[in-house]
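Contents: one structure, followed by commentary.
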Amino acid sequence: NRYIPLPRVILHGDISYSFTEEMRHGTVIGNIAKDLGIDANTLSLRKARIDTEGSDKRFCEINLRNGDLIVSERIDREGLCGDKASCVLKQELMLENPLELQRISLHVQDINDNSPQFDKNLIHIDISESASKGARFPIEEAHDADIGKNSVQSYNLQTNENFFLGVGTNSVELVLNKQLDRETLQEINLLLTALDGGSPQRSGTVVIHITVLDANDNVPVFSQAVYEASVPENSLLDTVVVTVSATDADTGPNGDITYNFDHVSDEHVSLFSLNHKTGEIKVMGSLDYETESSMELRVRAKDGPGLTSYCTVVIDITDVNDNPPAINLKSLSNPIPENVPPGTEVGIINVQDRDSETNGQVRCSIQQGVPFKLVPSIKNYYSLVTTGQLDRELVSDYNITITATDEGSPPLSSSKSVQLSVADINDNPPVFEEQSYSAYVSENNKPGSTLCSVNARDPDWRQNGTVVYSLLAGEVNGAPVSSYLSVNGDTGVIHAVRSFDYEQFRSFKIHVMARDNGSPPLSSNMTVSVWNCCFSTFWCSVSLSLVLS
1 NRYIPLPRVI LHGDISYSFT EEMRHGTVIG NIAKDLGIDA NTLSLRKARI DTEGSDKRFC
61 EINLRNGDLI VSERIDREGL CGDKASCVLK QELMLENPLE LQRISLHVQD INDNSPQFDK
121 NLIHIDISES ASKGARFPIE EAHDADIGKN SVQSYNLQTN ENFFLGVGTN SVELVLNKQL
181 DRETLQEINL LLTALDGGSP QRSGTVVIHI TVLDANDNVP VFSQAVYEAS VPENSLLDTV
241 VVTVSATDAD TGPNGDITYN FDHVSDEHVS LFSLNHKTGE IKVMGSLDYE TESSMELRVR
301 AKDGPGLTSY CTVVIDITDV NDNPPAINLK SLSNPIPENV PPGTEVGIIN VQDRDSETNG
361 QVRCSIQQGV PFKLVPSIKN YYSLVTTGQL DRELVSDYNI TITATDEGSP PLSSSKSVQL
421 SVADINDNPP VFEEQSYSAY VSENNKPGST LCSVNARDPD WRQNGTVVYS LLAGEVNGAP
481 VSSYLSVNGD TGVIHAVRSF DYEQFRSFKI HVMARDNGSP PLSSNMTVSV WNCCFSTFWC
541 SVSLSLVLS
């Protein structure tokens, strides 16, 4: 592993690609290495990867061999962006060493892969025979999940003498061309076709079943065309959101009004209930601001005979602090050599909070008493860096707790533990246990007899702490010291190589070196005084002690 001080962070602007939805897996979107001027040969070394902010989905990935940006998951524009005119997926290209973040905007273009659809296969309309020529009757529009020219562009009505089709910007209406006579004609079935503008063109049909009624000359009228309301995302079930109200000037059954949702998706119907009699809309499901912050519901008011009118209810979901921050460990160097300088980056942390505004603002901290700190980097990224000198012999492992707390009220927090080990370097020489050693040998000793034992300790690990003993070169009475003594390299035991003659010498000194097996090795030396006695080693040591005292 390489260990360098905190790197300079490079942040660039967006790079955009435009392509159609539903492209096959592996389709090349573009060459991001070429477009950003990055050497493709460095992508693997720099751990290039594509991240999606706030989501586990990764719609594209990078080919580390040539820098191609390719489709990795099905991209359905309608599922991702609904009926929005622009569908942009935000991705991020992240590179390390140095840390670099490139923002990527993927513009997903619509294809004509959806046909116009009506909510029902059969539309029932009750029309009074008293309706005047030119009277207009709203029809539930067809819905096409596609956008632009691929959405619904036109309608065709089956040819008949009673009605023609009136199409406005946001409405489809049957227009009465000839006054009805219930006694002559009680029911009419017409085929309505909705066509999109795609190529090839797609269409959908619905049968309009018209029942001719006796006169009911007033339609329900809502008190407002648009109702607006807001509700917190943590609202309890049965919380009243808003009440819609319509009146009908008719009396009796002709003036009885019932309310229903009209052209509302199953997802929204599962979240809200509508009282058919009172028009009261309540919460009946779990709201989530992070999934959808605003909803538009259409409500139909229908009187007894069947005349209808419509209003729109716009409900804004307000955010509450219901998501704790998420801590993601993006990179970690482990183990860390104990000789890394302060300020060395050892990890990269990313923190995300799905809430908005202050609820999504996060503070990141680390527990006290460890030689590490978090340094803010770019956006929601932090670098984990050392703050002091490490020493494996004192602390060999660290359990670092990182805590992220948002600014909500009350605040939410989460923690993540990071395990780091300190790798040993050879920074301690062997140290002898005694300051000096003395050895006693009696005259005419046997070759190979033991004189004494030296011992040195090294706190380093494995080969860095393995001690090997050896005699330093020297002479005794003009002869190499190795011709008189030897030392066991593993144990430090000193042996006599030959018999000693008291008349030739009575004492001499040798130097023993203790060396570890590190790279480079470290060593220390110790002097051993050897005393030659004309009698036993016991009496020799006693006599020497008396003389020295």
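So the sequence shown is residues 1 to 549, counted in full-length UniProt numbering.
All C-beta atoms in this analysis are idealised placements derived from N, C-alpha and C, irrespective of residue type, glycine included.
Residue i to residue j span [Cα, whole Å]
{"i": "Thr308", "j": "Ala301", "result": "5 Å"}
{"i": "Thr211", "j": "Glu183", "result": "12 Å"}
{"i": "Gly517", "j": "Ile378", "result": "According to the sequence shown, residue 517 is Asn rather than Gly. So the two alpha carbons sit approximately 44 Å from each other."}
{"i": "Leu6", "j": "Thr344", "result": "Because the pLDDT of Leu6 is 35, which lies under 50, any placement of that residue in the model is unreliable, and the question is left without a value."}
{"i": "Glu475", "j": "Gly465", "result": "30 Å"}
{"i": "Asp14", "j": "Pro220", "result": "52 Å"}
{"i": "Asp319", "j": "Pro410", "result": "13 Å"}
{"i": "Asp262", "j": "Glu141", "result": "10 Å"}
{"i": "Ser549", "j": "Leu522", "result": "Because the pLDDT of Ser549 is 33, which lies under 50, any placement of that residue in the model is unreliable, and the question is left without a value."}
{"i": "residue 552", "j": "Leu287", "result": "Nothing can be reported for residue 552: it is not among the residues displayed for the chain, which extend from 1 to 549."}
{"i": "Thr403", "j": "Ala326", "result": "10 Å"}
{"i": "Cys313", "j": "His276", "result": "Sequence check: residue 313 is Val here, not Cys. The straight-line gap from Cα to Cα measures roughly 15 Å."}
{"i": "Asp250", "j": "His143", "result": "33 Å"}
{"i": "Tyr289", "j": "Leu95", "result": "32 Å"}
8 Å Cβ cutoff met for residue i and residue j
{"i": "Ile29", "j": "Ile62", "result": "no"}
{"i": "Ser331", "j": "Gly347", "result": "yes"}
{"i": "Ala48", "j": "Leu80", "result": "no"}
{"i": "Thr387", "j": "Lys373", "result": "yes"}
{"i": "Val497", "j": "Ser486", "result": "yes"}
{"i": "Phe137", "j": "Ile127", "result": "yes"}
{"i": "Val283", "j": "Asp238", "result": "yes"}
{"i": "Val454", "j": "Met513", "result": "no"}
{"i": "Ala215", "j": "Leu180", "result": "no"}
{"i": "Glu22", "j": "Asp113", "result": "yes"}
{"i": "Leu271", "j": "Asn260", "result": "no"}
{"i": "Val530", "j": "Val395", "result": "no"}
{"i": "Ser115", "j": "Arg202", "result": "yes"}
{"i": "Val206", "j": "Lys120", "result": "yes"}
{"i": "Trp461", "j": "Arg354", "result": "no"}
{"i": "Ser421", "j": "Asn334", "result": "yes"}
{"i": "Asn218", "j": "Asp256", "result": "no"}
{"i": "Gln91", "j": "Ile38", "result": "no"}
Residue environment, residue i, which counts as buried when at least 16 other CB atoms sit within 10 Å
{"i": "Gly198", "result": "buried"}
{"i": "Asp501", "result": "exposed"}
{"i": "Leu185", "result": "exposed"}
{"i": "Ser417", "result": "exposed"}
{"i": "Pro324", "result": "buried"}
{"i": "Ala479", "result": "exposed"}
{"i": "Leu213", "result": "buried"}
{"i": "Gly285", "result": "exposed"}
{"i": "Ser265", "result": "exposed"}
{"i": "Glu233", "result": "buried"}
{"i": "Ser151", "result": "buried"}
{"i": "Asn254", "result": "buried"}
{"i": "Leu45", "result": "exposed"}
{"i": "Asp424", "result": "buried"}
Supposed contact pair residue j and residue i - C-beta distance, whole angstroms, cut 8 Å
{"i": "Val241", "j": "Val231", "result": "5 Å"}
{"i": "Glu73", "j": "Arg58", "result": "7 Å"}
{"i": "Asn444", "j": "Tyr469", "result": "Not a contact, Cβ separation roughly 27 Å."}
{"i": "Leu101", "j": "Tyr17", "result": "The pair is not a contact, with the Cβ atoms about 17 Å apart (cut-off 8 Å)."}
{"i": "Thr401", "j": "Ser413", "result": "Between Ser413 and Thr401 the Cβ distance is about 11 Å, and since that is not below 8 Å, they are no contact."}
{"i": "Ile147", "j": "Ala194", "result": "Rounded, the Cβ-Cβ distance is 15 Å, inconsistent with contact."}
{"i": "Gln109", "j": "Thr52", "result": "Actually they do not touch by this definition, with Cβ atoms about 19 Å apart."}
{"i": "Asp458", "j": "Asn428", "result": "6 Å"}
{"i": "Gln153", "j": "Asp83", "result": "Actually they do not touch by this definition, with Cβ atoms about 15 Å apart."}
Cutoff 8 Å; reference residue i; Cβ partners in own chain excluding five residues on either side
{"i": "Ser165", "result": "Position check: residue 165 holds Leu in this sequence, whereas Ser was assumed. Within the same chain, Leu165 has close Cβ partners Tyr155, Asn156, Leu157, Val172, Glu173, Leu174, Val175 and Leu192."}
{"i": "Leu471", "result": "Val481, Ser482, Leu485, Ser486, Val487, Ile510, His511, Val512 and Met513"}
{"i": "His209", "result": "Leu122, Ile123, His124, Ile125, Glu187, Ile188 and Asn189"}
{"i": "Pro520", "result": "Asn426"}
{"i": "Ala456", "result": "Pro430, Val431, Phe432, Glu433, Val467, Tyr469, Gly492, Ala514, Ser524 and Met526"}
{"i": "Asn328", "result": "Ile349, Asn350, Val351 and Gln352"}
{"i": "Val367", "result": "A small fix is needed here, since residue 367 is Gln in this sequence, not Val. Within the same chain, Gln367 has close Cβ partners Ile400, Thr401 and Thr403."}
{"i": "Ala246", "result": "Pro220, Val221, Phe222, Ser223, Ile257, Tyr259, Gly279, Ala301, Ser309 and Cys311"}
{"i": "Asn160", "result": "Ile188 and Leu190"}
Residues near residue i in its chain [Cβ-Cβ closer than 7 Å; skip 5 each side]
{"i": "His268", "result": "Met295 and Leu297"}
{"i": "Asn477", "result": "Gln504 and Phe505"}
{"i": "Ile70", "result": "Gly26, Thr27, Val28, Ile29, Cys60, Glu61 and Asn63"}
{"i": "Tyr437", "result": "Cys452, Val454, Met526 and Val528"}
{"i": "Val375", "result": "Leu6, Tyr382, Ser383 and Val385"}
{"i": "Glu280", "result": "Val240 and Thr243"}
Residues near residue i in its chain [Cβ-Cβ closer than 6 Å; skip 5 each side]
{"i": "Gly408", "result": "Asn321 and Asn359"}
{"i": "Ala40", "result": "Ala33, Asn66 and Gly67"}
Proximity test, Cβ basis, 8 Å: residue i and chain E
{"i": "Gln102", "result": "Checking the listed chains, one finds no chain E in this structure; it contains a single protein chain."}
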